[in-house]
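Before any comments, here is the structure.
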Amino acid sequence: MPRTVNDVILYMDEHDRKGIINPAFIQESTNITNEGHGVVLDIQNDEVVDQKNRPINQNETPVFTSERLPFMKNWKDKVKEFTTKNKSSISIFKIGAIYCFFIAYIVAAVTIRLKKDSDIDWCDGAGLLIIISVIVTLSITYKIVKQSLSSNTNFQKVSNSVVTKIIQLWNLRFTPAVIVAIVVISLAVFIVIDTADQRERLRSSLGLLVLIFLGFVFSKHPLKIRWRCAIWGFGLQFAFGLLALRWATGRRALECIGYKVSTFLDFSNVGASFVYNHLVDGQPLTAELTSPELNATVIIKPETIGSVFAFKILSVVFFFNFFIQILYYYGVMQWIVSRLGRLLSATVGSTAAESMSTAANVFLAQTEAPLVIKPYLPLMTMSELHTVMSGGFATVAGSVLAAYISYGIEATHLIAASIMAAPGSLAMAKMLYPETKASKTTVKDIKMEKGTESNALDAAAQGAANAVMVVLNICASLIAFLSFIAFVNSLFAWVFQMIDVEGITFVWIITKIFIPLAWCLGVDALECEMVAELIATKNVVNEFAGFSKLGQLKSSNLISSRGEGIATFAMCGFANPGSIGIQLAVIGTMAPTRKGDLARIVIRAFISGSMTSLVNACIAGILLDNPGVSGGNPIN
Numbered sequence: 001m002p003r004t005v006n007d008v009i010l011y012m013d014e015h016d017r018k019g020i021i022n023p024a025f026i027q028e029s030t031n032i033t034n035e036g037h038g039v040v041l042d043i044q045n046d047e048v049v050d051q052k053n054r055p056i057n058q059n060e061t062p063v064f065t066s067e068r069l070p071f072m073k074n075w076k077d078k079v080k081e082f083t084t085k086n087k088s089s090i091s092i093f094k095i096g097a098i099y100c101f102f103i104a105y106i107v108a109a110v111t112i113r114l115k116k117d118s119d120i121d122w123c124d125g126a127g128l129l130i131i132i133s134v135i136v137t138l139s140i141t142y143k144i145v146k147q148s149l150s151s152n153t154n155f156q157k158v159s160n161s162v163v164t165k166i167i168q169l170w171n172l173r174f175t176p177a178v179i180v181a182i183v184v185i186s187l188a189v190f191i192v193i194d195t196a197d198q199r200e201r202l203r204s205s206l207g208l209l210v211l212i213f214l215g216f217v218f219s220k221h222p223l224k225i226r227w228r229c230a231i232w233g234f235g236l237q238f239a240f241g242l243l244a245l246r247w248a249t250g251r252r253a254l255e256c257i258g259y260k261v262s263t264f265l266d267f268s269n270v271g272a273s274f275v276y277n278h279l280v281d282g283q284p285l286t287a288e289l290t291s292p293e294l295n296a297t298v299i300i301k302p303e304t305i306g307s308v309f310a311f312k313i314l315s316v317v318f319f320f321n322f323f324i325q326i327l328y329y330y331g332v333m334q335w336i337v338s339r340l341g342r343l344l345s346a347t348v349g350s351t352a353a354e355s356m357s358t359a360a361n362v363f364l365a366q367t368e369a370p371l372v373i374k375p376y377l378p379l380m381t382m383s384e385l386h387t388v389m390s391g392g393f394a395t396v397a398g399s400v401l402a403a404y405i406s407y408g409i410e411a412t413h414l415i416a417a418s419i420m421a422a423p424g425s426l427a428m429a430k431m432l433y434p435e436t437k438a439s440k441t442t443v444k445d446i447k448m449e450k451g452t453e454s455n456a457l458d459a460a461a462q463g464a465a466n467a468v469m470v471v472l473n474i475c476a477s478l479i480a481f482l483s484f485i486a487f488v489n490s491l492f493a494w495v496f497q498m499i500d501v502e503g504i505t506f507v508w509i510i511t512k513i514f515i516p517l518a519w520c521l522g523v524d525a526l527e528c529e530m531v532a533e534l535i536a537t538k539n540v541v542n543e544f545a546g547f548s549k550l551g552q553l554k555s556s557n558l559i560s561s562r563g564e565g566i567a568t569f570a571m572c573g574f575a576n577p578g579s580i581g582i583q584l585a586v587i588g589t590m591a592p593t594r595k596g597d598l599a600r601i602v603i604r605a606f607i608s609g610s611m612t613s614l615v616n617a618c619i620a621g622i623l624l625d626n627p628g629v630s631g632g633n634p635i636n
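Those letters in the sequence shown? Residues 1 to 636, by our numbering.
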């Protein structure tokens with residue numbers, strides 16, 4: 001290899017004579033850069049000069065560029081051409097190689113775990129690895145089969161023919177009525193048989209009928225109610241509850257998911273403890289107080305100093321939003337939401353936009369879910385807007401589930417309630433405000449784009465930053481409304497004290513109103529006032545205050561597991577006065593032209609969301625057993 005400019009000239013002359021280097025190439029430019037001059041060298045009349053014809057010391061060391069030798073450029077072009085032509089094959093090869101490595105790891109890990117553990121734990125260890133491998137394999141197989149069949153014209157003809165026949169059969173006059181009748185009769189028979197040894201659980205069925213009747217009576221257009229939508233919605237709500245609370249495998253799956261979610265969200269304590277220190281765990285401050293170097297007298301070490309709600313509980317919101325935003329960047333959340341939205345649209349009969357917004361509410365907060373359909377909000381009918389708002393009031397965000405769990409609430413119940421509320425909110429919303437106009441959106445019109453962030457790190461940072469306003473809204477709502485309710489309670493107490501009546505407050509009055517409702521939900525007579533107070537607190541203040549009280553009752557063993565379960569389902573929703581202002585502000589910002597319409601329907605949507613949670617509680621009351629939380633005899 002030549003080391004000086006002079007060596008380069010000799011090297012080029014020697015190889016030019018061998019036909020390797022084209023003389024024309026030498027005359028144009030050798031593309032050799034001089035390290036000292038930093039310019040391109042030319043060869044003119046056997047003298048090395050720069051671009052300004054200044055002579056260059058031929059003993060200086062040249063630096064070669066990638067374009068110095070033509071065969072290097074040709075090699076790169078050939079590689080690029082090969083990868084372009086065989087892009088799909090290379091992609092398949094990479095996926096296959098990764099999959100083979102993945103399966104090899106799974107086989108090795110399962111083999112090692114089975115040698116150490118005699119039983120397979122399906123929530124952890126070898127069992128979880130097997131489930132993951134099956135899911136990955138089925139996903140890859142489905143994608144391959146779908147791609148191969150999509151190009152098969154014969155298959156497309158057959159599938160289109162079958163779909164057409166099914167649609168024609170469904171559109172027959174009596175088909176929907178027959179299917180609905182079969183579903184209703186089947187559910188009624190199941191409930192009667194299942195509650196044979198505990199007839200008191202049938203009271204929850206009475207509560208369900210009462211809520212549906214109230215939905216009909218207070219409907220905006222009672223004669224316009226589409227009963228297919230209502231029955232399918234409540235039917236799916238009951239089916240999800242059955243799978244979650246009574247099917248042994250489904251219950252164990254939800255318990256496992258709840259455990260994994262709790263474990264995952266507990267990692268937020270690491271960052272929160274680093275930033276807030278003893279305000280999260282209390283340990284450093286306790287250690288400092290009891291340090292003999294700092295204290296001249298003996299101090300009794302306190303068992304705990306507790307944690308601050310804003311620093312420990314709400315820190316989870318930052319971590320969860322951080323993670324969710326990454327999933328949105330890669331399109332994972334969009335895929336889940338779109339599939340669930342299409343399922344609801346196909347079964348319940350709701351329109352595409354409202355179905356996807358309701359599906360998003362299973363995972364997102366009422367401030368984030370409408371973003372999924374933001375471009376379509378100005379085009380939506382009044383009924384669709386009402387459904388979108390009802391979905392926000394009826395569900396809770398995944399980012400605050402950990403806050404409820406930290407109070408000691410059952411994670412299984414919270415996850416089940418969130419899933420059940422999706423079809424239930426559609427059904428109740430369509431009863432209280434039936435559709436009377438044609439929708440301007442279809443399933444094909446709804447396109448869910450991936451995140452616009454630069455990369456996953458940018459998405460994660462934005463997610464954490466966006467959580468700041470969520471946390472501040474929660475704190476502001478709690479401070480303002482707890483203070484206001486305390487003022488109203490004091491005012492009511494003062495008014496009644498003037499006539500020598502003690503203990504009468506605003507929450508007390510609402511609690512007394514909710515006692516018959518608690519009885520209809522299936523709560524034991526001795527616990528009706530207790531559960532009624534929890535429901536009143538949730539609807540008058542917010543669900544955080546309600547779950548906090550429930551956690552205290554549970555830790556003191558003052559409430560049964562059945563009463564706890566029914567109360568959990570009844571309170572699992574954002575229907576509270578603070579959320580009214582939040583939804584008006586958020587959705588009004590996304591659709592400024594519809595602010596007046598939103599203000600007219602927000603109270604009805606608030607009631608719809610609250611009633612959906614109560615329907616959830618009725619279904620839980622039907623399925624939950626008195627001695628425990630697992631219901632009657634599990635379905636294996």
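Using N, Cα and C, we set each Cβ at its ideal position, and we do this for glycine too.
{"Item": "When you compare only the Cα positions, how much space is there between Trp-122 and Val-495?", "Value": "60 Å"}
{"Item": "Closer than 7 Å by C-beta to Tyr-105: which residues in its own chain qualify, once you throw out the five before and the five after it? Chain order, please.", "Value": "none"}
{"Item": "Leaving out five residues on either side along the sequence, give the residues of the same chain with a beta carbon under 8 Å from the beta carbon of His-221.", "Value": "Tyr-433, Pro-434 and Thr-436"}
{"Item": "Please tell me whether Ser-350 and Ser-390 are closer than 8 Å, where the distance is taken between their beta carbons.", "Value": "no"}
{"Item": "Quick one: grab the DSSP three-state call for Ile-351.", "Value": "It should be pointed out that residue 351 corresponds to Thr in this sequence rather than to Ile. If DSSP states are grouped into helix, strand and coil, Thr-351 belongs with coil."}
{"Item": "For Glu-543, count neighbouring C-beta atoms within 10 Å of its own C-beta (all shown protein chains included) and say buried if the count is 16 or more, exposed if not.", "Value": "buried"}
{"Item": "Report all residues from its chain with a CB closer than 7 Å to the CB of Pro-370; omit the five preceding and five following residues, and keep chain order.", "Value": "Ser-357, Leu-377, Val-388, Val-586, Ile-587 and Met-590"}
{"Item": "Helix, strand or coil: how does DSSP classify Lys-658 here?", "Value": "Nothing can be reported for residue 658: it is not among the residues displayed for the chain, which extend from 1 to 636."}
{"Item": "Which whole-angstrom value is the C-beta distance of Arg-203 and Gly-522, which I expect to be below 8 Å?", "Value": "5 Å"}
{"Item": "For Leu-598, count the other beta carbons within 10 Å of its own beta carbon; 16 or more makes it buried, fewer makes it exposed. Which is it?", "Value": "buried"}
{"Item": "Quick check on this structure: which residue in Phe-102, Glu-200, Trp-170 and Gly-233 has the alpha carbon closest to the alpha carbon of Leu-212?", "Value": "Rather than Leu, the amino acid found at residue 212 in this sequence is Ile. Answer by Cα proximity: Gly-233."}
{"Item": "Could you check where the alpha helix (DSSP H) with His-413 kicks off and where it finishes?", "Value": "411-432"}
{"Item": "Quick test of your reading: Leu-482 and Ala-545, contact by CB under 8 Å. State the CB separation rounded to the nearest angstrom.", "Value": "7 Å"}
{"Item": "Would Asn-361 be called buried (16 or more neighbouring beta carbons within 10 Å of its own) or exposed?", "Value": "buried"}
{"Item": "By Cβ distance below 8 Å, which residues in the same chain neighbour Leu-584 in space, the five residues on each side in sequence not counted?", "Value": "Lys-595, Leu-598, Ala-599 and Val-602"}
{"Item": "So, helix, strand or coil for Gln-156, using DSSP?", "Value": "helix"}
{"Item": "Where does Ser-560 land, buried or exposed, given buried means 16+ other C-beta within 10 angstroms?", "Value": "buried"}
{"Item": "So, under 8 Å CB-CB, Val-615 and Leu-209 are touching, yes? Tell me the CB distance rounded to an integer number of Å.", "Value": "Contact doesn't hold; Cβ gap of about 11 Å is too wide."}
{"Item": "Closest to Thr-593 by CA distance: which of Ile-535, Ile-144, Gln-156 and Thr-381 is it?", "Value": "Thr-381"}
{"Item": "Check for me: the alpha helix (DSSP H) holding Asn-269 runs from which residue to which?", "Value": "268-276"}
{"Item": "Secondary structure at Gln-366, three-state DSSP: helix, strand or coil?", "Value": "coil"}
{"Item": "Give the secondary structure of Asn-31 by DSSP, where H, G and I count as helix, E and B as strand, and everything else as coil.", "Value": "For Asn-31, the predicted structure reports a pLDDT of 44, less than 50, and the residue's modelled location is therefore unreliable. A value from the coordinates is still provided. Note: Asn-31 maps to coil in three-state DSSP."}
{"Item": "Under the three-state reduction of DSSP, which class applies to Asn-638: helix, strand or coil?", "Value": "Look at the range of the chain in this structure, 1 to 636, and you will see that residue 638 is not part of it."}
{"Item": "Using the three-state DSSP reduction, which class does Asn-539 fall into: helix, strand or coil?", "Value": "helix"}
{"Item": "In this structure, how does DSSP classify Thr-141 when only helix, strand and coil are distinguished?", "Value": "helix"}
{"Item": "To which residues of the same chain is Val-280 closer than 6 Å at the C-beta, ignoring the five residues directly before and after it?", "Value": "Ala-272, Ser-273, Ser-307, Phe-311 and Lys-312"}
{"Item": "Taking DSSP as the reference, what is the three-state secondary structure of Arg-173?", "Value": "coil"}
{"Item": "Could you tell me whether the stretch 482-491 touches the stretch 501-519, where touching means 3 or more Cβ pairs closer than 8 Å?", "Value": "yes"}
{"Item": "Which residues in the same chain as Ala-464 place their Cβ atom closer than 7 Å to its Cβ, once the five residues preceding and following it in sequence are excluded?", "Value": "Phe-318, Asn-321 and Phe-322"}
{"Item": "Are the beta-carbon atoms belonging to Ala-421 and Thr-395 less than 8 Å from one another?", "Value": "yes"}
{"Item": "Can you tell me whether Gly-621 is buried or exposed, with buried defined as 16 or more other CB within 10 angstroms of its CB?", "Value": "buried"}
{"Item": "Once DSSP output is grouped into helix, strand and coil, what is the label at Lys-437?", "Value": "coil"}
{"Item": "Helix, strand or coil, according to DSSP, for Ala-403 in the structure here?", "Value": "helix"}
{"Item": "When you compare the CB positions of Ile-580 and Phe-547, do they come within less than 8 Å of one another, or not?", "Value": "no"}
{"Item": "By how many angstroms is the C-alpha of Cys-618 removed from the C-alpha of Val-531?", "Value": "13 Å"}
{"Item": "Please go through the same chain and pick out, in chain order, the residues whose beta-carbon is closer than 7 Å to the beta-carbon of Leu-534, but skip the five residues on each side of it.", "Value": "Gly-546, Lys-549, Leu-550, Ala-567 and Met-571"}
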